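The structure under discussion appears below in the form of structure tokens.
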Amino acid sequence: MNDRQTRAAWLAEFAGTAGMVGFGLLAVGFFWSAASPAAMWPLNAAVRRLVTGFFFAGGATVLIYSPLGRISGGHINPSVTLAFFTLGKISPRNTVAYILCQLAGGFAGVLVPWFVLVHVPGWSDAITVGATQPGTGFPLWLVIVLEIIVTATLM
2 MNDRQTRAAW LAEFAGTAGM VGFGLLAVGF FWSAASPAAM WPLNAAVRRL
52 VTGFFFAGGA TVLIYSPLGR ISGGHINPSV TLAFFTLGKI SPRNTVAYIL
102 CQLAGGFAGV LVPWFVLVHV PGWSDAITVG ATQPGTGFPL WLVIVLEIIV
152 TATLM
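The opening residue of the sequence shown carries number 2 in the working numbering; numbering runs sequentially from there.
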């Protein structure tokens with residue numbers, strides 16, 4: 002890859018991560034906010050989580066197979082980038098750049114839905130600025146262990 006292609010890959014990684022996080026948070030807002038039309042749908046919490054997960058994963062899948070994903074490889078997750086680095090498929094320089102772009106893209110992806118929905122009463126309550134929060138009744142130690150297992154599985 003020449004320098005121009007490398008910078009394009011970094012930018013695509015930033016944009017892909019921002020798009021995935023932004024779309025995912027909009028899905029969370031749509032399925033969980035009290036002001037959403039979806040709040041009236043007769044779905045229990047487990048079904049809402051499942052449908053929200055499908056939208057989040059579907060958004061990520063679309064981005065991975067989009068032109069952005071084809072330019073950068075569509076990692077959109079530092080654990081995926083680290084896996085590629087471990088396998089020798091990506092250089093140390095690109096590993097660091099991809100992860101920095103993914104972190105910046107994730108931050109940017111949070112800002113768009115937050116700025117849009119924070120001013121609409123009842124919509125921002127479900128987003129909590131993208132923070133993942135354990136469900137009621139789950140001990141913190143269990144949540145941390147499961148998060149480690151899921152992240153390690155992605156690697």
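Just so it is clear, CB atoms sit at the ideal spot from N, CA and C, and this is done for glycine as well. These numbers come from a predicted model, not from an experiment.
Run the CB neighbour count on residue i, radius 10 Å, all protein chains shown included, and call it buried at 16 or more, exposed below.
i    : result
V119 : exposed
F1   : Summary: the structure shown does not reach residue 1, with the chain confined to residues 2 through 156, and so no result is reported for it.
W11  : buried
H136 : Correcting the residue type first, residue 136 is Gly in the shown sequence and not His. Counting Cβ neighbours within 10 Å, G136 comes out exposed, since fewer than 16 surround it.
T152 : exposed
F15  : buried
S92  : exposed
T53  : buried
T82  : buried
A61  : buried
N3   : exposed
V48  : exposed
A77  : The residue asked about is misnamed: residue 77 is Ile in this sequence, not Ala. Buried: at least 16 other Cβ atoms inside 10 Å.
V121 : exposed
P46  : Position check: residue 46 holds Ala in this sequence, whereas Pro was assumed. Answer is exposed; the Cβ neighbour count stays below 16.
A28  : buried
A35  : exposed
Terminal residues of the continuous alpha helix (DSSP H) containing residue i?
i   : result
G17 : D4 to W33
G70 : P68 to S73
Identify whether residue i lies in helix, strand or coil by the three-state DSSP scheme.
i    : result
L44  : coil
G89  : coil
P79  : helix
F135 : First, the amino acid is wrong: residue 135 is Pro here, not Phe. Three-state DSSP puts P135 in coil, outside helix and strand.
P38  : helix
Quick test of the definition: if touching needs 3 or more C-beta pairs under 8 Å, does the region 92 to 103 touch the region 69 to 81?
yes
Does the pairing of the region 103 to 116 with the region 17 to 37 give three or more beta-carbon distances under 8 Å?
yes
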